[in-house]
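Residue numbers (mature numbering (1 follows the signal peptide of the UniProt record, and there is no 0)): -26 to -1, 1 to 255.
Below is one structure, written out as structure tokens, with a few remarks after it.
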Amino acid sequence: MSVLRFSLPLLVISLLVNVLLHPLTSNSDAILSTPNKNILLLTAHPDDECMFFAPTVLSLTKHHHVEDGEGNEKPLNVFSLALSVGDAEGLGDTRREELGKSLDVLGVQRGKRWIVDHPELPDNMTTHWDANIIAKVIEPYVREHHIDTILTFDRHGISSHPNHFSLPAGVLQYIANTPVESRPRLYSLITVPLIHKYIGPAASLLAKFDVKIAALFDDSTRANIHKIPVFVSGAGDWWTAIQAMLEHKSQMVWFRWLYVAFSRYMWVNEWIEVPLGSMDV
């Protein structure tokens, strides 16, 4: 009996460590199932890419090729566009450089990433960006590179930052102004309730449990897990995301260390497609 009491905790710990080590995706084909396989990550500021979107970016940049509907391999292209240099504290040039280094770590290639410094899109905690301006700014990038999927924040912006939650409205404005045959799809990163935002590695364990249980028991209480793309990092990808965040040296104040240690978004991304005319996400 004493051996059992000793070995059972070790077994549980071993199982949990094994679960944490390995990444998991669910329904990622929903994002990848487009003709061109050109995906744009649209962010508001330098550091958004690793603070909020790293699980998705790391998963996508590992897939250099994906199969189309006919079983043929096509190159998967991941692009990044930040709509401000993050100049709220006069550090725009520094933050521009830091963003490039972070994207190097995350695997977004040079020539597929851009940063905009527009006077009407300032980095400001109280400024809501105009949807029409966002639509005009992103248009040349989306058209020239045949972007067919745009990933960005939802209407809550994860942290309720007005620059963040302005982005989906701007994308929808662009989509509305674009001919149907050329319209990209919009996916928004789901903002979870505060109680779930800062649970650290437990977020990975719970997300993987949800995905696995939903696959086994397709009941009505968990059916939505099948409809949304989910990207869960393993420990290695989480560490890579931290390395990307550390490239933003100007931003590494004390509370950012707490963020990278405990934020769910360093481990888990859940997405929902936003149809034209809807901002109910």
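The C-beta atom is built at its ideal place from N, Cα and C for all residues, glycine as well.
- In the three-state reduction of the DSSP assignment, Val116 falls in the helix class, which pools H, G and I.
- In this structure, the straight-line span from the alpha carbon of Glu247 to that of Ala62 is close to 31 Å.
- Where Asn12 is concerned, the enclosing beta strand (DSSP E) starts and stops at 12 to 17.
- Following the DSSP letters along the chain, one finds Ala143 in no beta strand (DSSP E) but inside the alpha helix (DSSP H) bounded by residues 136 to 150.
- At a Cβ-Cβ threshold of 8 Å, Ser134 and Asp91 do not count as neighbours.
- If you check the CB distance, Asn10 and His130 do not come in under 8 Å.
- DSSP places Pro49 within a strand segment (E or B) once states are collapsed to three.
- Assigned with DSSP and collapsed to three states, Ser178 falls in helix.
- By DSSP's assignment, Leu(-3) forms a beta bridge with Val206.
- Annotation for Leu80: the continuous alpha helix (DSSP H) segment containing it runs 66 to 80.
- Non-local beta-carbon contacts of Val242 in its own chain, meaning distances under 8 Å to residues more than five positions away in sequence, involve Pro29, Ala177, Ser178, Ala181, Val204, Phe205, Val206, Ser207 in chain order.
- Judged by beta-carbon spacing, Ser76 lies within the 8 Å limit of Ala218, meaning their Cβ atoms are closer than that value.
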